[in-house]
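Numbering (the numbering used here), first residue to last: 1 to 311. Note that beta-carbon positions come from the ideal geometry of N, C-alpha and C, so glycine has one too.
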């Protein structure tokens, strides 16, 4: 049972009898900076449950899309609804429904974890009589009890990230946006945060996740969209995306370089090995991964941030 099940009661929203809590609808979204088109006609229907991954190489338009979804930028054209609300007409109401944990954590480093959490709660107009109750619940869930009175400045990256998640959850959002949540963390901290994200999913919180770690996306996400040059070039479950390039991959050495070929079946992979590789060749056979898909579809690199131009 999820440790969040009895801790966080999220708002239920119904439109025409349909539950839309946590749902994001993007229709032909375009975002321009002058003559430069950062997002070029994105349309997505994002489920109101689970963990949704958003991946893209440098400059693909990922950051611009996130900033538009979280009401920090206005679209040039197209529409976005969150919880059935329009991002332009209902901006203030949407901000009540979403939580954001940015890659570069926007906590006040000169004050304590407790003070940061209280500040975020007040900002989101959480009733004062509920602030302490919610803070104790989240601190227990996230393991922050011993760190509440420590300065953010004195915490490691992993604990700062947990503090940021606590702040983002104080107003009980139906959608939590996590931008590179494990960037720069050690392996143990990454896996602890993975468990936290999975518990959020089990609680009913919809999680919108950006990451440059392909193993992270594959381990956590129910569905994934890959964006390149401002357009969504693939969308589906990790298995569906992997099958786009084949089920089996062969890594082999050719002229001193490591190469990869993907195939629909293991028989086809072995046929390739027999026809093209010698007994002395160095090779391995494995299942395809999301990294194979990403590199095949984008032809780009993994890592880094979008270059965002100012209006």
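Close CB contacts of residue 270 within its chain, under the 8 Å cut and outside five residues either way in sequence, are with 285 (chain order). Excluding residues up to 5 positions away in sequence, 147 lie with their Cβ nearer than 7 Å to the Cβ of residue 159 in the same chain. Around the beta carbon of residue 103, 16 or more other beta carbons sit within 10 angstroms, so the residue counts as buried.
In this structure the region 76-95 does not lie against the region 176-189, because fewer than three pairs of beta carbons, one per stretch, are closer than 8 Å.
Secondary structure at residue 126: coil, using DSSP grouped into helix, strand and coil. Restricting attention to 206, 233, 229 and 213, the CA atom closest to the CA of residue 222 is found in 206.
Inter-segment contact for the region 226-243 and the region 121-133 is absent: fewer than three beta-carbon pairs are separated by less than 8 Å. Here residue 24 is bridged, per DSSP, to 46 and 82.
Sixteen is the threshold: since fewer than 16 other Cβ atoms of the shown chains lie within 10 Å of the Cβ of residue 264, the residue is exposed. For the 9 Å CB-CB criterion, residue 170 and residue 128 do not form a contact. The region 190-200 makes no contact with the region 20-38, as fewer than three CB pairs between them are under 8 Å.
When DSSP states are grouped into helix, strand and coil, residue 172 belongs to the coil group.
Less than 9 Å divides the Cβ of residue 111 from the Cβ of residue 151. Under the DSSP assignment, residue 253 falls in the beta strand (DSSP E) whose first and last residues are 248-254. Of the candidates 212, 267, 173 and 181, the residue whose Cα lies closest to the Cα of residue 157 is 181. Residue 33 is bridged by DSSP to 36. Distance between residue 100 and residue 246, taken at the CA atoms: about 35 Å.
When only Cα atoms are considered, residue 241 and residue 218 end up about 10 Å apart. Within its own chain, no residue has a Cβ closer than 6 Å to the Cβ of residue 255 once the five positions on either side in sequence are excluded.
If you ignore the 5 residues before and after residue 108, its C-beta comes within less than 8 Å of the C-beta of 115, 116, 119 and 152, all in its own chain and listed in chain order. Of the candidates 52, 237 and 36, 36 places its Cα closest to the Cα of residue 64. For residue 257, the enclosing beta strand (DSSP E) begins and ends at 257-263. Between residue 144 and residue 163, the C-beta gap is smaller than 9 Å, which places the two residues in contact.
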